[in-house]
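Colleague: Keeping their order, the protein sequence lines are chains F and Y.
The first sequence runs -18 to 173 under our numbering.
The second sequence runs -18 to 173 under our numbering.
Ideal placement from N, C-alpha and C gives every residue a C-beta, glycine not left out.
Keep in mind the model is a prediction, meaning the values are calculated, not measured.
Protein chains: 2
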Amino acid sequence: MRKADQTRDKLVEAARAAFWARGYSNVPLRDIARAAGVDVALISRYFGGKQGLFEAALNGAFDWPDLFDGTEDPFGTILAKFSNPAKEGFERQVVRMILMNATDPDVGPLVRAEMERKLLAPLRARLGGEGAAANVALFVAALLGASLARQGLQLHGLADQPSAVYAAQLRHLVDAALSFDVAAGTQAGAGR
Amino acid sequence: MRKADQTRDKLVEAARAAFWARGYSNVPLRDIARAAGVDVALISRYFGGKQGLFEAALNGAFDWPDLFDGTEDPFGTILAKFSNPAKEGFERQVVRMILMNATDPDVGPLVRAEMERKLLAPLRARLGGEGAAANVALFVAALLGASLARQGLQLHGLADQPSAVYAAQLRHLVDAALSFDVAAGTQAGAGR
DNA sequence: GTCCTTTGTCAACGTTTGTTGACTTTCAGG
DNA sequence: CCTGAAAGTCAACAAACGTTGACAAAGGAC
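#1: Any beta-carbon of chain F closer than 8 angstroms to the one on Y:A114?
#2: For Y:M81, which residues in chain F fall below 9 angstroms Cβ to Cβ?
#3: Are F:L39 and F:L100 closer than 8 angstroms when you measure CB to CB?
#4: When you check each C-beta in the segment 6 to 29 of chain F against every C-beta of chain Y, which residues fall closer than 9 angstroms?
#5: Helix, strand or coil: how does DSSP classify F:A130 here?
#6: Assuming the contact rule is C-beta atoms closer than 8 angstroms, F:H153 and Y:F43 should be a hit. Round their C-beta distance to whole Å, please.
#7: Is there a Cβ of chain F sitting closer than 8 angstroms to that of Y:G126, yes or no?
#8: Between Y:V146 and F:L159, what straight-line distance do the alpha-carbon atoms span, to the nearest angstrom?
#9: For my contact list, F:L174 and Y:Q150 are in at a C-beta cut-off of 8 angstroms; report their separation, rounded to the angstrom.
#10: Closest to F:D(-10) by C-alpha separation, out of F:G18, F:P9, F:N7, would be which residue?
#11: Can you tell me where the alpha helix (DSSP H) with Y:P9 in it begins and where it stops?
#12: Can you give the Cα-Cα distance for F:A64 and Y:V21, rounded to whole angstroms?
#13: Reducing DSSP to helix, strand and coil, say where F:D44 ends up.
#14: Please check if any C-beta of chain F sits within less than 8 angstroms of the C-beta of Y:R(-11).
#15: Which residues in chain F have a C-beta closer than 9 angstroms to the C-beta of Y:F161? List them in chain order.
#16: Taking F:V163 and F:A123 to be in contact with their CB atoms under 8 angstroms, please state how far apart those CB atoms are, rounded to whole angstroms.
#17: Taking C-beta pairs closer than 8 angstroms, name the residues in chain Y that F:Q132 reaches, listed in chain order.
#18: Counting only Cβ-Cβ distances shorter than 9 angstroms, please list the residues of the segment 96 to 108 of chain Y near chain F, keeping chain order.
#19: For Y:V121, which residues in chain F fall below 7 angstroms Cβ to Cβ?
#20: Please decide whether F:K62 counts as near chain Y, where near means a Cβ-Cβ distance under 8 angstroms.
#21: Leaving out five residues before and five after Y:R131 in sequence, what residues of the same chain have Cβ atoms less than 6 angstroms from its Cβ?
#22: Can you tell me whether Y:H153 is helix, strand or coil according to DSSP?
#23: Would you tell me roughly how many angstroms separate the C-alpha atoms of Y:R98 and F:R3, rounded to the nearest one?
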């Protein structure tokens, strides 16, 4: 039973790399099996099928290393993780996973549910107050939008910026998201 | 030759409805043919294949009705179209199209190229100035992020808001996107 | 060594998918 | 009416997909 766990882990790891990069419906199981150096049949055997493998890959994808247990501000921590390094951090992978799989008809609902449980709810609890939900949702929207535009769509003016400038852009957007006041209703300053 | 154009149009229309809603790789050609009331074989005959049909559906998807020809501010116009009605506007469909297909390995590059040509470049030309690219990219990022969070992910705190509140949220985020100053580099106000 | 559980291998199945080619129907021009 | 191009129908293909079941190898218990 020890050996089987190793194969399970190799499959989950390969599944993450593939699903996060190309999206659920664009990844054949044979690709994952080949990358893991394992026979395809073992996927259905161990995880019950493709969807089961995705659930296993999704499980733990939101277990951030000490983000909500410390006394630090999770918003600032997340922002810092996204701004600073070019190296693929833990949070970066989660965002790529969301962008690639949250709109899929098959596994989208799973992703959204896990997201709500492991990310949005804790962030709301940290912020507290009446309009916490609005600010948290805007925070996530800004983060996803910026990541999609820079990494996913490679937009000119965002993807070609040095990380210092991108950090300033992201902070500017996130500040707006967190400073939104629900009670104020409609505020001054139209478009442009 | 007149009749064939009608069938072509019916196919393109059905293709848009399906591709925009479920994404390129999740739509079988037979679904589109059935929705259009047409035989599947005609797709390969008329458009050369699935990718050709998508290109035909993509073509014209960015031809906004009088957005860049008038003297009005396109940023404000787009923002207004997204804030006000519950009815599915033209711009809304484009955003849904982007969110569902821009990350696809097959047609993603096509979508991004068309997006750059028909949306980002005109917006940059309108804004002008040195850092126009940065602001335009942030504008689009904010718009896509908010739409993804509200319509796509149904985030609590954004999807359950009345349209008046959502309009204020969107305007708040977009204002930040357009007010970003590239030259200022790093500015004051960290996370939270 | 023998047994039995665990683990991995292999071939095949039934579907679905995009695409193709041969055939039939439609219909305007002579 | 006759003809031929245009438009549509139908069956079938090959490939790819997820999944299954029968079988072989491995490895510890006794």
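Modeller: If we stick to the structure as given:
#1: yes
#2: T84
#3: Cβ distance not < 8 angstroms, so F:L39 and F:L100 don't count as in contact.
#4: Those residues of the segment 6 to 29 of chain F that come within reach of chain Y (Cβ to Cβ, closer than 9 angstroms) are S6, N7.
#5: helix
#6: 27 angstroms between Cβ atoms; not a contact.
#7: yes
#8: 15 angstroms
#9: Nothing in the structure corresponds to residue 174 of chain F, since chain F is present only between -18 and 173.
#10: Ranking F:G18, F:P9, F:N7 by Cα distance to F:D(-10) puts F:G18 first.
#11: Where Y:P9 is concerned, there is no enclosing alpha helix (DSSP H), given that its DSSP letter is neither H nor E.
#12: The residue asked about is misnamed: residue 64 of chain F is Ser in this sequence, not Ala. Approximately 48 angstroms between the Cα atoms of the pair.
#13: Correct three-state label for F:D44: coil.
#14: False, the Cβ-Cβ gap to chain F never drops below 8 angstroms.
#15: A149, Q150, H153, L154
#16: Actually they do not touch by this definition, with Cβ atoms about 16 angstroms apart.
#17: In chain order: nothing, as chain Y lies at least about 10 angstroms away.
#18: M96, E97, L101, A102, R105, L108
#19: A130, L136
#20: no
#21: L139, A140
#22: Helix.
#23: 25 angstroms
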